[in-house]
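The next block holds one structure in the form of structure tokens; read it before the comments.
There are 2 protein chains.
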Amino acid sequence: MKKTLFYRLLAICVCTSGTLLAQDKKMLGYTDSEAVRQQQLEARFDQHLSSSHIGEAIKSLSSQPHHIGSARGKAVAEDILQRFKSYGWDAEIVTYQVLFPTPKERLLEMTGPTSYKAVLKEPALKEDGTSGQEGQLPTYNCWSADGDVTAPLVFVNYGLPEDYEYLERAGVDVRGKIVIAKYGRSWRGTKPKVAQEHGAIGCIIYSDPKDDGYFAGDVYPQGAFKNEYGVQRGSIMDMVIYPGDPLTPNVGSTANAKRLDRLQAPNLLKIPVLPISYHDAAPLLKALDGPVAPDAWRGALPFTYHIGPGKTKVHLKLAFDWQIRPCHNVIAKLKGAEEPDQWVVRGNHHDAWVNGAADPISGMAALLEEAKAIGELSKEGFKPRRTLVYCAWDGEEPGLIGSTEWVEDHAAELQEKAVVYINSDSNGRGFLNASGSHALETLVNQVGRDIIDPQTKVSILARRQAADVLRAATVKQKKEKLSRQGIAISAMGSGSDYSSFLQHLGVPSLDLGFGGEDAGGEYHSIYDSYDNYVRFKDPTFSYGVALSQTAGHTALRIANAVTLPFDFRKLYETVNGYVNELTELASDLRETTALENQLIRENKYQLAADTAKHLSPPAPRAAVPYIDFSPLQNALAGLDTVTQGFSGKLATGKPQLNKQLYQAEQQLLSDKGLPSRPWYKHTLYAPGFYTGYGVKTIPGVREALEQRRWKEAGEQIDAAAAAINRLAKYLQALSNN
Amino acid sequence: MKKTLFYRLLAICVCTSGTLLAQDKKMLGYTDSEAVRQQQLEARFDQHLSSSHIGEAIKSLSSQPHHIGSARGKAVAEDILQRFKSYGWDAEIVTYQVLFPTPKERLLEMTGPTSYKAVLKEPALKEDGTSGQEGQLPTYNCWSADGDVTAPLVFVNYGLPEDYEYLERAGVDVRGKIVIAKYGRSWRGTKPKVAQEHGAIGCIIYSDPKDDGYFAGDVYPQGAFKNEYGVQRGSIMDMVIYPGDPLTPNVGSTANAKRLDRLQAPNLLKIPVLPISYHDAAPLLKALDGPVAPDAWRGALPFTYHIGPGKTKVHLKLAFDWQIRPCHNVIAKLKGAEEPDQWVVRGNHHDAWVNGAADPISGMAALLEEAKAIGELSKEGFKPRRTLVYCAWDGEEPGLIGSTEWVEDHAAELQEKAVVYINSDSNGRGFLNASGSHALETLVNQVGRDIIDPQTKVSILARRQAADVLRAATVKQKKEKLSRQGIAISAMGSGSDYSSFLQHLGVPSLDLGFGGEDAGGEYHSIYDSYDNYVRFKDPTFSYGVALSQTAGHTALRIANAVTLPFDFRKLYETVNGYVNELTELASDLRETTALENQLIRENKYQLAADTAKHLSPPAPRAAVPYIDFSPLQNALAGLDTVTQGFSGKLATGKPQLNKQLYQAEQQLLSDKGLPSRPWYKHTLYAPGFYTGYGVKTIPGVREALEQRRWKEAGEQIDAAAAAINRLAKYLQALSNN
């Protein structure tokens, strides 16, 4: 009976909506007349955005080095606080006390066969006005262990697990050695982690000019790419275990929080790690002997890459100041008129490794511009239906600390109130990049449809669609992209402040930004400066405006919708794709393992190998069993049924269901979390254990398969199926309401 | 009735062959007892092979520079003549008078924005005893035009047609410019040809360290790869029009032959062309401005590659001594006891660009070792059933001159008498490489089955099969290779002396050699020396012995077989694969053209492009029509029918059919030859018009499709179908005999 009533109401609504809005103006969660009003609001919002104001904010907030714990870092937080207040927001600084190590001593030298002492210093450039400032953090990898080690050097390519498989075949053992790995292909923290797993006692990470230097393009200051002295700083906390303050997993780092002993923190490595420039890496790599590195390992330095080990010895000495320091988040609120306890949370970090004009200030400036515009609307009488919570996070760089501590500190409240978390970070010229919860994919498409790309004057959606088509590798994929309505949003891994919202709490999340025409090598270096930004990133700040529009419209649409604009059908479709990937992955693994074992058994590797190269065949692997995916497939069939037409059913306005709608994502959490990393509770999205930033979807299952833990794969299939079943039942109950 | 008799005879033969030979000892064309005798002969042949003697021959024949026309070149021919005579062969020198230009003046300098004068000289090295000798040809591209040009420089990647398509999109026009192209990806002569087609007035070709230098491996003399001064000499005659003396197409360059005016020779370019080292290329490339070169264009020099043009101007001045010079082929014969007018021809060239220890002497030494061993057998009483003709060609390097002139001079005789031509050239450590007429594929497999790889002690066939499996790109391809009986031989393009035999006359041909573990950068440089060879190519000369065995057994099996070992079923299977490729090519072209045109029409290229890079979308292309492949498919169906069981039918011994068997390949010639290059008459195999050495199979059809000449594709389908129909009818008549 209830259901019949529901459909009857739906029919009435569809018929009575008066002048029907064109399909390309429809807004999920809005009636036609509401959509027209919302569009007018967004148009007024846009009129309050100023590219020059964004440019001024970038210049001002990046004018000095401002890492977490620094005086200038605090000043930036206070500056942002004042800005929010001046825009009419209710703002405060919320401070946590977090561990943050800074270098006391950094020494890297080659002691044989010749000697070389690494420079470890990026020079000031006259073309870059802030590059010679005081207060810069030296080049280092945050969370490196203290250490003083001398050992033979081994080149390990990108330092991925498969690189060590090759080393094993080549008879090279890194135990007791120092390894040198290239930046790229994985998150930087994966490299020392895998090195440590294999017994290395130190790890050097360098930027090869192939990936991030003259091979990529003209180098700074002539061009945007890394010059020979440029160094990528960055965290190597093993945040795929958990992010935030390593001493306070699961709880906020308040002054009196219980803290782990640092040496017991499971997400800190035990070996010293240092990032260096290609100027410093070249003499070390050139001195290496041992086997010639395989083709795919070789970079763009002008000599033959060898693996070592041999006569080349290096001495790495690092010591850090392991202090607890204040971490200043700025939290600004604009109270909702109708649903004050439903929060639309929007965030970007404010701390930088050095000046951080791009990372994070370009995104921060866009966020502030949104707050300013909303403030203006507010002065004109606008009141959001729901509460807007705008956040400027501290301590993102060392490990998403500010956001994670705040989320952990307010976990229960956020699971009650947070409708969505909308993140941004570095921003530049180019294409819309959107990732997040797939129930929000339709919303993102509808927002993108209405925003004009500043360069091409088509919608940012159309431009991104064109890029998706052109970037597709095969004719088949190109055709699929061409025929697709709208764009797919990516799944979230890690690397910015959304992680704890989505993956720890199940708050529906989005990450928005522009890029792809702003490539360069300034990332985490002293050259991520305003001078760099205006030449190579977004010279007119028009993509700052585009980000303000994209994130601002998204926030406002969610804030004002009578019915929240979730589209669980898109979630279903996406997860269906993931499950297909997983079944194919299992089949492929089975087929390739059987084939490889046959090749090994039949001696093909020895016969096909260059006999002078002494490369052992790979070790055979246990046969891959057939895996029972039926629990997942059955769960998905249930989600299929319930999500057919589901958005339509709710589009008629059932405000009382909104809280259940935004809490639906929490059904996808598992209590136990992922194997060996219980902090990560989302069954669909997690950073990969060996990729770091890179996402693994349905991670419990996917990583068990990839790492050939068949029993665990079965358990994780059950866990993911249970989560999907929970969601399906939950949505069924909703649509019965 | 005849057919019935044939099958009855066959049945009798199969039943009466006595002790049956194991399947893996069977020899096509031999009865079991003949096979046993032949194997005993081959075992005795093998006993006469000496690796140290091969090493001595390599050392002696490569001890001085010995290019065509040089005194030392003549001395090498005389040395080889004496060797043949001493082995008991009837040998002579057959001399032609051919055009061969040598450099009089070579100047390359950058005149702006800075000045640089190219070294154009490979230094002598103390580690390489012959590298400082008198008599070396300087670094040059033979058949460059004389010229004195000064113009802005443009970097054109590998100088392929698709590179110019990109340049057009980037708005770069090479008309009136000098281009610089990398060696690799095409035969060197393709680069200036395409440059000239696009209006360039000069062409520089250099060896990038990515392809042939420190990126590939340690450089000479530390390792085998090209050092910064190394230069690849080489011919740029447009031999895909015709090879041999450019002045005497189709006829032998005898003293009184009618000669073309050099400036009218259709296979000579009009622009000056010079090869240089990466030491000389670096300052020029570094000085270029203009757009950054696309990823795939960038090499391993330590700076950002730009395309130009801009301020960088170069001056290229080249003058040559265009003399007619003697070209000394050595022809040695051992008369056949039963079929003296059936010739098994075996050849390798003797001329080198400089010392040529690898190219060509390593192959020449193996050939001489075969001649020596056969001479020994002869002294023991062995008489081949057919006549063996062993040849040492002069003038291969500038354009397959010696072999081509001899073949043109003896065309009618060869079409009557030549059963097969077996070629070799450079030889080194590694894997069997075999290409040629596919009716000989079974023979090659049976020969390879019986020869032991010196390093792995399995058969050279098993080793090559293993490599084929491991090199296959996909799981599917790996499985196909695994399930395949034996190896596929490749189709012949060009680049060595088989070309005129196979592609001009339709003499069944093979090219045999070993390699894959002998990579290096000595090719056509002064460092292709004995000192290099014994370190990096085949230190124990055991692959010299393996080549002697492979080519020697092949020659002897063909020479002694009562029924010639042709297997036209393999030819059918191979051509069937080609026809499938062609139909897929047409479908792919149709699909991708339609898709690309849609992307262009819908503006996707503009929208997806980096707006700062000013890259125009590609031009739309005419839609690809459906092509009627049925004539080819019907012809193939006929060949299918006739070749089923065909070898079995002949295996019973029908010696009177042998001449028809070896002349069968001539059925595949077309009188008209290929479009715009009538010298090439074979309808199945030709060097690609834009690949040079690289083969195009069913070239008339394939190149018409690739170059989108649809009408011509239809005509060439008819021509190829006619050839296949001729062969099918011819074989049908044979099996009715």
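Just so you know, the sequences run in chain order Z and H.
Residue numbers 588 to 1324, in this note's numbering, belong to the letters of the first sequence in order.
Residue numbers 588 to 1324, in this note's numbering, belong to the letters of the second sequence in order.
Backbone N, C-alpha and C fix where the C-beta goes; we use that ideal spot for every residue, glycine too.
- DSSP places V1211(Z) in no alpha helix (DSSP H); its state is neither H nor E.
- By the C-beta criterion, the stretch 626 to 645 of chain H is judged to be in contact with the stretch 1126 to 1145 of chain H, since at least 3 inter-stretch pairs fall below 8 Å.
- Identification of residues in the stretch 1185 to 1197 of chain H having a C-beta nearer than 9 Å to some C-beta of chain Z yields Q1185, L1186, E1189, N1190, K1191, Y1192, Q1193, L1194, A1195, A1196 and D1197, given in sequence order.
- Residues of chain H whose Cβ lies closer than 9 Å to the Cβ of T1150(Z) do not exist, since the nearest Cβ in that chain is about 33 Å away.
- Annotation: the stretch 886 to 938 of chain H contains the following complete segments of the beta strand (DSSP E) (minimum length 3 residues), in chain order: 900 to 921 and 926 to 936.
- One finds K1191, L1194 and A1195 in chain Z with Cβ atoms closer than 7 Å to the Cβ of A1053(H), taken in chain order.
- If you check the CB distance, L608(Z) and P1152(Z) do not come in under 8 Å.
- Here DSSP, grouped into helix, strand and coil, assigns E784(Z) to helix.
- With a threshold of 8 Å between beta carbons, K1065(Z) makes contact with chain H.
- Listed along chain H, the residues sitting closer than 7 Å to F802(Z) by beta-carbon distance are R885.
- According to the DSSP assignment, T1284(H) belongs to no alpha helix (DSSP H) but to the beta strand (DSSP E) extending over V1282 to T1284.
- Looking at the backbone, the Cα of E1168(H) and that of R1144(Z) are separated by about 54 Å.
- W993(Z) sits in a helix when the DSSP states are folded into three classes.
- Distance between P878(Z) and I767(Z), taken at the CA atoms: about 15 Å.
- In chain order, I788, G789 and L903 place their CB closer than 6 Å to the CB of V736(H), counting only its own chain and leaving out the 5 sequence neighbours on each side.
- In summary, S822(H) is buried, with 16 or more beta-carbon neighbours lying within 10 Å of its beta-carbon over all protein chains present.
- When 8 Å is used as the limit between beta carbons, P889(H) is near these residues of chain Z: P796, Y801, A887, L888 and P889, in chain order.
- For Q1042(H), the C-beta contacts it makes with chain Z under 8 Å involve T1198, in order along the chain.
- Taking a cut-off of 8 Å for Cβ pairs, the stretch 649 to 669 of chain Z and the stretch 1127 to 1136 of chain Z do not touch, as fewer than three such pairs fall below it.
- At a Cβ-Cβ threshold of 8 Å, Q651(Z) and N942(Z) count as neighbours.
- Minimum Cα-Cα distance from T1278(Z) among the listed residues Y727(Z), L628(Z) and G746(Z) corresponds to G746(Z).
- Taking the Cα positions, D666(Z) is about 10 Å away from V917(Z).
- Separation of M826(H) and L1256(H) (C-alpha to C-alpha, rounded to the nearest whole angstrom) is 19 Å.
- For A811(H), the closest Cβ of chain Z is not nearer than 8 Å.
- Contact between the stretch 668 to 676 of chain H and the stretch 945 to 965 of chain H is established, with three or more Cβ pairs separated by less than 8 Å.
- When C-alpha distances from K646(Z) are compared across Y1192(Z), S1096(Z) and S1116(Z), the shortest belongs to S1116(Z).
- Q809(Z) and A1021(Z) have their C-alpha atoms spaced approximately 31 Å apart.
- If you draw a straight line from the Cα of A1222(Z) to the Cα of S1024(Z), it is about 19 Å long.
- E1104(H) reaches chain Z at D1197, T1198 and A1199, counting residues in chain order whose Cβ is nearer than 7 Å.
- Bridge partners of M697(Z) according to DSSP: Y703(Z) and V901(Z).
- A Cβ-Cβ contact shorter than 8 Å links I828(Z) with W1266(Z).
- Looking at the backbone, the Cα of Y1110(H) and that of Y770(H) are separated by about 12 Å.
- Measuring C-alpha to C-alpha distances from Q783(Z) to each of N1163(Z), N854(Z) and F802(Z) identifies N854(Z) as the nearest.
- Annotation: A945(Z) has no Cβ neighbours in chain H at a cutoff of 9 Å; minimum Cβ distance is about 16 Å.
- In chain order, V1062, K1065, K1066 and L1069 make up the part of chain H whose C-beta sits under 9 Å from the C-beta of L1182(Z).
- In this structure, the CA atom of L954(H) is about 51 Å from the CA atom of S794(Z).
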